[in-house]
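**Q**
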DNA sequence: CAGTGGTCTAGACCACCTT
DNA sequence: AGGTGGTCTAGACCACTGA
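Chains as they are written, first to last, in this note's numbering: chain A, 13 to 272; chain B, 13 to 272.
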């Protein structure tokens with residue numbers, strides 16, 4: 013059973029979605045929620061903190077929390093996995109494998125993806141399709157820890173992330189760097205767009221709870237297919253603007269990893 | 013004076029930056045921190061929650077928190093304001109005004125920026141320069157509440173956001189939609205790139221703590237100038253992927269706003 | 001099994017907003 | 001001045017990790 017504060021947060025969220033607390037209106041006070049749910053104030057505060065974090069409500073000290081808007085719950089997994097995202101949106105995802113081989117990280121990869129030079133990884137390149145139409149070219153390096161596991165999977169259907177999660181690997185953090193690039197000849201052909209047209213590039217490093225990097229990826233979306241959405245607030249800021257030529261954050265991590 | 017838990021978080025953060033807790037190593041346990049700082053456990057937990065939120069440490073129940081990496085602190089304001097960001101990066105920002113007039117939101121604007129149709133706003137279009145080189149074209153609509161205030165400002169230097177903040181307007185939330193577009197003839201000329209080259213587009217709605225939208229903007233960056241960075245974690249997720257043709261989140265808000 | 005983090009309680013005082 | 005959220009304390013029990 014999930015924690016009480018999570019249940020309360022979910023209930024409030026549902027109420028917002030149903031329009032019981034319209035946009036611009038106030039949430040009940042912490043005291044009222046304490047009475048309504050019969051819990052301590054700390055528990056109520058944990059619940060509303062979740063809503064704040066997700067940008068459902070805003071507040072300032074001394075005044076009641078105000079509903080900013082219902083936010084479609086999109087889980088971390090859905091951000092992480094193309095397949096899981098596509099399914100949640102009612103689309104049918106698939107993939108065409110361009111390359112899948114285990115090798116060591118070369119200099120060019122290290123530069124492009126920020127993976128540690130020389131590490132043994134699975135180099136996987138695929139075209140991702142939505143309802144049969146190509147929308148993204150994907151290049152992912154899986155850390156040695158999971159490389160052979162992934163290589164043994166069916167790489168054309170289903171979610172690799174999901175299957176790794178089932179095996180006990182946990183994704184905890186992700187760093188994203190988002191910019192725009194022009195489609196090269198190869199990409200243009202794969203995506204069915206003109207050479208030079210704009211692509212949305214998302215480079216990502218995903219880390220386990222122990223701080224071990226599990227994968228590095230470079231996804232390039234057709235500009236007309238996908239938009240990335242970010243919500244941030246004064247209290248919780250995870251967004252930054254970087255100069256394109258800024259220093260790549262060093263990210264080398266030792267430590268052992270063992271699935272449960 | 014800032015809160016005790018914020019001081020503790022800042023101290024720990026500093027220690028991580030100084031390398032006292034190297035990447036991959038464990039943070040002291042909550043119990044140890046309680047003794048070290050002479051506070052209750054709840055206070056310590058608030059402090060480490062901040063570090064977790066910012067992605068400095070990761071954890072799983074039962075095991076100590078692990079240092080993921082030092083994170084450059086970038087404030088909400090720096091994300092919000094081109095000027096403040098540029099200065100923090102050691103660059104000199106400036107602007108060239110293309111248009112500045114008060115009018116009502118037209119259908120095209122409403123569609124493009126998500127602003128409510130018919131609202132009276134300041135329509136401000138500028139080219140933004142970094143050390144004299146054009147890197148971004150910006151189109152911002154300022155809500156009627158602040159429109160005349162902004163129009164009276166010097167629009168070529170300094171930060172509008174900063175000056176609004178001084179007047180008591182508080183930015184609390186921002187929604188960002190990020191995608192890629194091709195440069196049109198006008199944009200290409202303004203930015204000094206070839207027509208059709210890739211631009212990184214960031215559309216943003218910024219809201220005050222009371223849920224009132226203060227500005228809508230559409231920023232288009234030269235692809236070689238800027239990258240947007242996002243960090244998210246299993247517990248705190250503010251990132252989402254949207255289909256380009258997905259529904260624009262309705263965002264109409266009443267309620268009064270009054271600067272302090 | 002000992003250590004550690006996750007959840008929850010009950011109560012206190014203060015800072016800020018609203019009226 | 002009364003309501004509301006922000007911070008902090010002290011203690012409890014449980015779930016998970018690691019040796």
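For glycine and all other residues, C-beta sits at the position ideal for the given N, C-alpha and C. Note that the structure is predicted; figures quoted are calculated from it, not measured.
Do we get a CB-CB distance below 7 Å when we pair residue 268 of chain A with the residues of chain B?
**A** Because the pLDDT at residue 268 of chain A is just 43, under 50, the model does not fix this residue reliably, and the point stays unresolved.
**Q** Using the three-state DSSP reduction, which class does residue 172 of chain A fall into: helix, strand or coil?
**A** helix
**Q** Can you tell which of A/236, A/173, A/205, A/210 has its C-alpha closest to the C-alpha of residue 97 of chain A?
**A** Residue A/173 is the option with its Cα nearest to residue 97 of chain A.
**Q** Please list, in chain order, all residues of the same chain as residue 213 of chain B whose beta carbon is under 6 Å from its beta carbon, the five residues on each side excluded.
**A** 191, 193, 232
**Q** Once you ignore the five residues that flank residue 63 of chain A on each side, which residues in its own chain have a CB closer than 7 Å to its CB?
**A** 21, 24, 25, 69
**Q** Just to confirm, is the Cβ distance from residue 129 of chain A to residue 122 of chain A under 7 Å?
**A** Against a cut-off of 7 Å, the Cβ pair of residue 122 of chain A and residue 129 of chain A comes out as a contact.
**Q** Nearest-angstrom Cα distance between residue 207 of chain A and residue 38 of chain A?
**A** Rounded to whole angstroms, the gap between the alpha carbons of residue 207 of chain A and residue 38 of chain A is 51 Å.
**Q** Distance cutoff 7 Å, beta carbons only. Does residue 221 of chain A sit that close to anything in chain B?
**A** yes
**Q** On the DSSP letters alone, give me the boundaries of the alpha helix (DSSP H) that residue 42 of chain A sits inside.
**A** Note, residue 42 of chain A: alpha helix (DSSP H), 42-49.
**Q** Count Cβ pairs between the region 219-227 of chain B and the region 195-211 of chain A that sit closer than 8 Å; are there 3 or more?
**A** no
**Q** What does the alpha-carbon distance come out to for the pair residue 203 of chain B and residue 175 of chain B?
**A** 27 Å
**Q** Select from A/170, A/134, A/229 the residue whose C-alpha is nearest the C-alpha of residue 161 of chain A.
**A** A/134
**Q** Rounded to whole angstroms, what is the Cα-Cα separation between residue 16 of chain A and residue 185 of chain A?
**A** Cα to Cα, residue 16 of chain A sits roughly 25 Å from residue 185 of chain A.
**Q** Give me the subset of the region 169-189 of chain A whose CB atoms are less than 8 Å from a CB atom of chain B, sorted by chain position.
**A** Listed by position, the residues of the region 169-189 of chain A near chain B (Cβ gap below 8 Å) are 182, 183, 184, 185, 186, 187, 188, 189.
**Q** Could you please give the first and the last residue of the uninterrupted beta strand (DSSP E) stretch that includes residue 131 of chain A?
**A** Looking at the DSSP string, residue 131 of chain A is not in any beta strand (DSSP E), and its letter there is neither H nor E.
**Q** Counting along the chain, where does the alpha helix (DSSP H) carrying residue 96 of chain B start and finish?
**A** 94-100
**Q** To which residues of the same chain is residue 150 of chain A closer than 6 Å at the C-beta, ignoring the five residues directly before and after it?
**A** 138, 140, 231
**Q** How about residue 193 of chain B: is its C-beta nearer than 7 Å to some C-beta of chain A?
**A** Interface with chain A (7 Å Cβ-Cβ cutoff): residue 193 of chain B is included.
**Q** Measuring alpha carbon to alpha carbon, tell me which residue in B/87, B/43, B/89 is nearest residue 75 of chain B.
**A** B/43
**Q** Short of 6 Å in beta carbon distance, which residues of its chain neighbour residue 103 of chain A, apart from the five on each side in sequence? Order them along the chain.
**A** 142, 143
**Q** Just the chain A side, please: which residues come within less than 9 Å of residue 70 of chain B by C-beta, in chain order?
**A** 184, 185, 219, 220, 221, 222, 223
**Q** Can you give me the Cβ contacts of residue 93 of chain B inside the same chain, cut-off strictly under 8 Å, excluding the 5 residues immediately before and after it?
**A** Around residue 93 of chain B: 171, 172, 173, 174.
**Q** Counting only Cβ pairs nearer than 7 Å, list the residues of chain B close to residue 152 of chain A.
**A** Those within 7 Å of residue 152 of chain A in chain B number zero; the least Cβ separation is about 16 Å.
**Q** Once the 5 residues before and after residue 78 of chain A are set aside, which same chain residues still bring their CB inside 8 Å of it?
**A** 36, 37, 38, 39, 69, 70, 71
**Q** Rounded to a whole number of angstroms, what is the C-alpha to C-alpha distance between residue 237 of chain A and residue 147 of chain A?
**A** Residue 237 of chain A and residue 147 of chain A have their C-alpha atoms roughly 6 Å apart.
**Q** In chain order, what are the residue ranges of uninterrupted beta strand (DSSP E) at least 3 long that sit wholly in the region 183-253 of chain B?
**A** If we require 3 residues or more, the beta strand (DSSP E) runs fully inside the region 183-253 of chain B come out as 185-194, 210-219, 225-234, 238-245.
**Q** Hey, quick one: how far does the alpha helix (DSSP H) through residue 153 of chain A stretch, first residue to last?
**A** Run containing residue 153 of chain A: none in the alpha helix (DSSP H); it sits in the beta strand (DSSP E), 145-155.
**Q** Using the Cβ count rule (16 or more neighbours within 10 Å means buried), how would you classify residue 45 of chain B?
**A** buried
**Q** Select from B/197, B/196, B/113, B/195 the residue whose C-alpha is nearest the C-alpha of residue 156 of chain B.
**A** B/113
**Q** Can you list, in chain order, the residues of the region 90-121 of chain B whose Cβ is nearer than 7 Å to any Cβ on chain A?
**A** Of all residues in the region 90-121 of chain B, the ones placed with a Cβ closer than 7 Å to any Cβ belonging to chain A are 91, 97, 101, in chain order.
**Q** Which residues, in chain order, does the region 192-214 of chain B contribute to contact with chain A at a C-beta distance below 7 Å?
**A** 192, 193, 194, 208, 209, 210, 211, 212
**Q** Using a Cβ-Cβ distance under 7 Å, would residue 238 of chain A count as near chain B?
**A** For residue 238 of chain A, the answer is yes, since a Cβ of chain B falls inside 7 Å of its Cβ.
**Q** Find the residues of chain A that neighbour residue 43 of chain B, judging by a C-beta separation of less than 9 Å, and give them in chain order.
**A** The contacting residues do not exist; residue 43 of chain B stays about 19 Å from chain A at best.
**Q** Going along chain A in order, which residues have a C-beta closer than 7 Å to the C-beta of residue 20 of chain B?
**A** Under the 7 Å cutoff, chain A gives no residues; its nearest Cβ is about 17 Å from residue 20 of chain B.
**Q** Which residue marks the beginning of the alpha helix (DSSP H) containing residue 20 of chain A, and which one marks its end?
**A** Residue 20 of chain A -> alpha helix (DSSP H) spans 16-29.
**Q** Straight-line CA distance for residue 269 of chain A to residue 179 of chain A?
**A** Confidence at residue 269 of chain A is low in this model, with a pLDDT of 46, below 50, so the placement of that residue should be treated as unreliable; the coordinate-derived value is given next. Roughly 13 Å separates the two Cα atoms.
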